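Novice: Here it is, the structure, as structure tokens.
Numbering (full-length UniProt numbering), first residue to last: 1 to 303.
Here it is, written out as structure tokens:
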């Protein structure tokens, strides 16, 4: 049986999101309501009601024989640093996690010092998209400038991994050239770009440009939610598969990392489908699949 690491998942003790539509509040049945009144299906109701804990995640991983997971976080679900750190300490053989914080906080340096010191994080994620990231409640900013630049320098000095969710082509946060400058300035810094640059239907040309710009030795791309971003396309997601094939062609199979973006993606399709649409696509050889589903995550995240 193939070993698998789900390298893009989320857990939360309670939903505490804050983004372009204000705060996010769980209302039961797997649903949540934004402050503007919009209601979304956040969790699959057969798996979760008002939160998605480490134990709920581990049950899912066990159901599908997943060895371990990398927990990422951001403002969509709400920052969960203490809870996530506690969960990793409780299940060290199954979970590894990224820290997240808002670099605009007046006392952001103190936050960062605690995250990498007392709490021991060695992965740091910044979701910068205008939909659910930093650009949803801060004005646009250059990713290689203020306020991120001092923290990226510190992350590089720590030997940690930097994870970036850039949003989709056309977003103010979608800045492949800025990320390339970061990667070239810090050649030993491992950088993971979420969602294969998050192309939507019709974004193939932009994806090709972004991949060529970021086809660098220290940059990886996770494949989480590629299928969700080509909605309303259905399984087996031919456009999603085409985008992944393009990723292999330009960046190489060694630079692609499987992940599911659980739990929100499970409101739209099943966990087995999030495996099989890639595994049965014919894009990868068997040795390449072993890299995509396992070894590449170990390399990028020092597992």
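Each residue gets a CB set at the ideal place from its N, CA and C atoms; glycine is no exception.
Keep in mind the model is a prediction, meaning the values are calculated, not measured.
Rounded to whole angstroms, what is the Cα-Cα separation between residue 238 and residue 113?
Specialist: So the alpha carbons of these two residues sit roughly 44 Å apart.
Novice: Going by the DSSP bridge assignment, what does residue 266 pair with across the sheet?
Specialist: Partner(s): none; residue 266 has no beta bridge.
Novice: Which residue or residues does DSSP assign as beta-bridge partners of residue 222?
Specialist: For residue 222, which the question treats as bridged, DSSP gives the partners 257.
Novice: So what's residue 128 in DSSP terms, helix, strand or just coil?
Specialist: It is coil, neither helix nor strand.
Novice: Using only CA atoms, which one of 150, 55 and 129 lies nearest to residue 174?
Specialist: Checked all of 150, 55 and 129; the closest Cα to residue 174 is 129.
Novice: According to DSSP, is residue 88 part of a helix, a strand, or is it coil?
Specialist: Reduced to three states, the DSSP call for residue 88 is helix.
Novice: Using 10 angstroms around the beta-carbon of residue 30, count the other beta-carbons present and answer buried if the total reaches 16, otherwise exposed.
Specialist: Residue 30 is buried by the Cβ-count criterion.
Novice: Do residue 48 and residue 56 count as a contact pair if the criterion is CB distance below 8 Å?
Specialist: Yes.
Novice: For residue 271, is the classification buried or exposed, using 16 other Cβ atoms within 10 angstroms of its Cβ as the cut-off for buried?
Specialist: Residue 271 comes out buried.
Novice: Terminal residues of the continuous beta strand (DSSP E) containing residue 247?
Specialist: Counting along the chain, residue 247 falls outside any beta strand (DSSP E), though it belongs to the alpha helix (DSSP H) covering 238-251.
Novice: Can you tell me whether residue 271 is helix, strand or coil according to DSSP?
Specialist: The answer is helix: DSSP assigns residue 271 an H, G or I state.
Novice: Where does the unbroken alpha helix (DSSP H) through residue 210 begin, and where does it stop?
Specialist: Counting along the chain, the alpha helix (DSSP H) containing residue 210 begins and ends at 204-214.
Novice: Among the candidates 206, 177 and 218, whose CA atom is the shortest distance from the CA of residue 192?
Specialist: Of the listed residues, the one whose Cα sits closest to residue 192 is 218.
Novice: Once DSSP output is grouped into helix, strand and coil, what is the label at residue 39?
Specialist: Correct three-state label for residue 39: strand.
Novice: So if DSSP puts residue 96 in a beta bridge, which residue, or which two residues, is it bridged to?
Specialist: DSSP output for residue 96 lists 70 as bridge partner(s).
Novice: Do you know how far the Cα of residue 115 is from the Cα of residue 122?
Specialist: Each residue's Cα considered, the two are about 9 Å apart.
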